[in-house]
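Protein chains in written order, with my numbering: chain P, 33 to 357; chain D, 0 to 249.
Below: the structure, in C-alpha cells.
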Ligand SMILES: Nc1ncnc2c1ncn2[C@@H]1O[C@H](COP(=O)(O)OP(=O)(O)O)[C@@H](O)[C@H]1O
Ligand SMILES: [Mg+2]
C-alpha cells in the first residue's frame, strides 16, 4: 500500500537522516530538517481546528510566536538572574525545558481561550478577519515590548536545558523534535477518533445539524481552539530553541499564512497532511529561493492547483491512491 | 385532562412586513400525531424553527414538558427531548450514515469531552445507532457516506437521526418532500409505527399522508391557525375548504 509504504519509508528516513547527512558531509541538512518538523508540528496544531473543525484561523502565528517569546523571556530572566514578576508573588526566569516549554503551552492555551471565546462568536469570513486582527494586535504588543527588545527581538543566551539531552547539538535537538512530533501525532490520532473528534468533524460538516441534535457546539469548538493554541505554543517553544532568537516577525500575518499553506498543501483534515505539507513547502522554499527571490511566483500557482484539483492536498492524494487498490 | 406536552401561546414572528407567525396558540397532548397543513409560505417552517430554537419569536411563549423554553437555545431544547427533521435535507454529508446517527445518540449520552477511546468502539453508542438505522430501513447503508445516499434514503436518515435521540416530541418538516410514491409509502409506514411511542408535529403537503396519520389537524394560513380539530371536522370545515383544501380540489 502506498500510504503504509510512505509512512514507514518516511519514518525510517527521518530516523536515519542525521547519520546519513554526516556520511555525505551535509550536516547542515539536519538543522533544516528540524525546522521542517517544527513547522509540521505548527501545521498539525492548525489542522485540528482548520481541517477537522472547519475553523479558518488566519492568526495561528500568534500562538506560534507567543510560545517562542515565552521561552525567550523566561530564558532572558534566567540568564540575568532577576525576576520576571515581583508582585503579587515572585516569578523568576527559567532556562529548563521542562518548565519553559509547558509554560509556553499553558500561556498559549490561555491566550487561545480568551481569543477563541471572542472569535468563535463569529464564523466564516468574519472569523478569518477577527483571528487575523488578534494576531496583529499581539504582533504590535511585542513590537512595543521594549524590555524584551521590541522591534529588534530578543536573543537566547543558549537553548533550553533538557538534561540529559544537549539541545545545542543539532542532532540531539533534531531527534527530540522528531520524538515530540510523533507523540503529538499519536495523541491527535486518538483525539480525532474519540467522541470529541467525532463531534468536531460533525461541526465541520454541518454545525446547525449538530445543534439540532443537542450539541453545544461553541464549547467543543472552543476546546479544540485551546488545544490547537497550546500545541502551536509548543512548536513556538521549539522554534525559539532552533533559531536561538525571537522577534515580532514570528507573529507576522505572513507567518500565519505560511502555516495555512502547510496545512492546505499537505491536506486539511488528514492526520499526516501537515507533515507532508511542511516537507513540500519548506523544501520548495529552500530550492526555489536559491534559484530566484520571487519564488512565490511559482508557489502561488501551485497552491491554486492544489486547492482546485486536490481538495485534500498531497496526503489526500496518497490516501486516495491507497484506497483505490 | 393532563397538562399538554407542548403549549404554544401567542407566538408572533415577523420578517419585515411578512408576519410568518401571527399569534399562534396550539396545544399538543402527549402521544398525539398532529398534522400542520397550510399553503406554501403560510409559516409552517418558521413555526418549526421557533419550536426547535433556531428562530427567536418576537413575542409569545413556548412551554415544553411544563417548562418555558422560549429563551433556550436549540441544543438545550434537543437535550430536553425535542428533535426535528429538516424540510431541506440537513445531514453530515461527509460522514457515514452510522456516524450521523451515532452522533445523535452521543448527544444524549452525557458530554463528549472524551478524548481517548475510539468512538467506533463504543457499543453503548453504536448499538442504538444501528437499531435506529435498521428501524428506518437503512441497515444495509450503514457505512455509506450520507452524501452518497439516494434522496429517499437521505430523508430516512433524517428520521433515524431524530429518532436516535429518543425524543419526546418529534418535529417533522415535510418528511416525504421530493420522494417517489414507493419511498413515500415506506415513510408513512415508518411514521405509523412510531405512533404512541412519540408525539409528532407533522408538516405535510400530501393530504393522503395527513389523513392517514394525523389524529388532529391544524390549518395555518398567513401565520394564523384558522382551524384545528379532528380530520373529519377539518375536512368539512368551510373556511378550510375555501382557504386551502379548495385549491387542491380545483
Ligand atoms: N429568514 C427569513 N427572512 C425573511 N422572510 C422569511 C424568512 N423565513 C421565512 N420567511 C417568509 O415567511 C413566510 C413563511 O415562510 P415559511 O415558514 O417557510 O412557510 P412554509 O414553510 O409554510 O412554506 C414566507 O413569506 C417566507 O418568505
Ligand atoms: Mg416550509
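Beta carbons are placed, not taken as given, at the ideal position from N, Cα and C, and that holds for glycine.
### Task
Pull up the distance between the alpha-carbon of residue 200/D and that of residue 304/P, whole angstroms please.
Distance between the alpha carbons of residue 200/D and residue 304/P: 46 Å.
### Query
Considering residue 84/D, what are the terminal residues of the beta strand (DSSP E) in which it resides?
Counting along the chain, the beta strand (DSSP E) containing residue 84/D begins and ends at 81-84.
### Task
Note down, in chain order, every chain P residue with its Cβ under 8 Å from the Cβ of residue 92/D.
Correct list: 237 and 238.
### Query
Mind checking if residue 160/D is an interface residue toward chain P, Cβ cutoff 9 Å exclusive?
It does: the Cβ of residue 160/D has a partner Cβ on chain P nearer than 9 Å.
### Message
Could you tell me the alpha carbon to alpha carbon distance between residue 163/P and residue 182/P, rounded to whole angstroms?
### Response
Distance between the alpha carbons of residue 163/P and residue 182/P: 22 Å.
### Message
Taking 9 Å as the threshold (beta carbon to beta carbon), is residue 355/P in contact with chain D?
### Response
Answer no: the Cβ-Cβ gap between residue 355/P and chain D never drops below 9 Å.
#### Entry: Inter-residue CB distance, residue 139/D and residue 248/P (contact presumed, cutoff 8 Å)
The pair is not a contact, with the Cβ atoms about 34 Å apart (cut-off 8 Å).
#### Entry: Where residue 355/P falls: helix, strand or coil (DSSP)
DSSP places residue 355/P in helix when its eight states are reduced to three.
### Task
Residues of the region 201-230 of chain P with a CB closer than 9 Å to any CB of chain D: list them in chain order, please.
If the cut-off is 9 Å between Cβ atoms, the region 201-230 of chain P has 219, 222, 223, 225, 226, 227, 228, 229 and 230 near chain D.
### Task
Going by CA-CA distance only, name the one from 180/D, 41/D and 52/D that's closest to residue 83/D.
Of the candidates 180/D, 41/D and 52/D, 52/D places its Cα closest to the Cα of residue 83/D.
### Task
Report all residues for which the CB-ligand distance to some heavy atom of ligand 1 is below 5 Å; order them along the chain.
Listed by chain position, these are 14/D, 17/D, 19/D, 39/D, 40/D, 41/D, 42/D, 43/D, 44/D and 45/D.
### Task
Let me know if residue 121/P comes out buried or exposed under the rule of 16 or more other beta-carbons within 10 Å of its beta-carbon.
Result: exposed.
### Query
Under 9 Å between C-beta atoms, does residue 117/D make it to chain P?
Yes, because at least one Cβ of chain P sits closer than 9 Å to the Cβ of residue 117/D.
### Query
So the alpha helix (DSSP H) residue 139/P belongs to, where does it begin and stop?
129-151 is the span of the alpha helix (DSSP H), which, as asked, contains residue 139/P.
### Message
What residue range does the beta strand (DSSP E) around residue 63/D cover?
### Response
Looking at the DSSP string, the run of the beta strand (DSSP E) that includes residue 63/D is 58-63.
### Task
Output yes or no for whether 9 Å exceeds the beta carbon distance between residue 72/D and residue 11/D.
No.
### Task
Return the chain-ordered ranges of every alpha helix (DSSP H) run that is complete within the region 157-199 of chain D and spans a minimum of 4 residues.
Counting only runs of 4+ residues, the alpha helix (DSSP H) found wholly inside the region 157-199 of chain D occupies 180-193, in chain order.
### Message
Within the continuous alpha helix (DSSP H) that includes residue 260/P, where are the two ends?
### Response
The continuous alpha helix (DSSP H) containing residue 260/P extends over residues 249-275.
### Task
Say whether chain P places a C-beta atom closer than 9 Å to the C-beta of residue 124/D.
It does: the Cβ of residue 124/D has a partner Cβ on chain P nearer than 9 Å.
### Task
Measuring alpha carbon to alpha carbon, tell me which of 334/P, 267/P, 324/P and 266/P ends up nearest residue 293/P.
Nearest C-alpha to residue 293/P: 334/P.
### Task
For residue 77/P, count neighbouring Cβ atoms within 10 angstroms of its own Cβ and tell me buried if that reaches 16, exposed if not.
With 16 or more Cβ atoms within 10 Å of its Cβ, residue 77/P is classed as buried.
### Query
Just the Cα atoms here: how many angstroms apart are residue 14/P and residue 274/P?
Not covered by the structure: residue 14/P. The range shown for chain P is 33 to 357.
### Message
Classify residue 43/D: buried if its beta carbon has 16 or more other beta carbons within 10 angstroms, exposed otherwise.
### Response
Buried, since its Cβ has 16 or more Cβ neighbours within 10 Å.
### Query
Do residue 145/P and residue 216/P have their C-beta atoms closer together than 9 Å?
Taking 9 Å as the cut-off, the Cβ atoms of residue 145/P and residue 216/P do not count as close.
### Query
Who are the neighbours of residue 243/P on chain D, taking C-beta pairs under 7 Å?
By Cβ distance, chain D contributes 73 and 74.
### Task
Kindly list, in the order they appear in chain D, the residues whose Cβ is closer than 7 Å to that of residue 144/P.
None at all; the shortest Cβ gap to chain D is about 16 Å.
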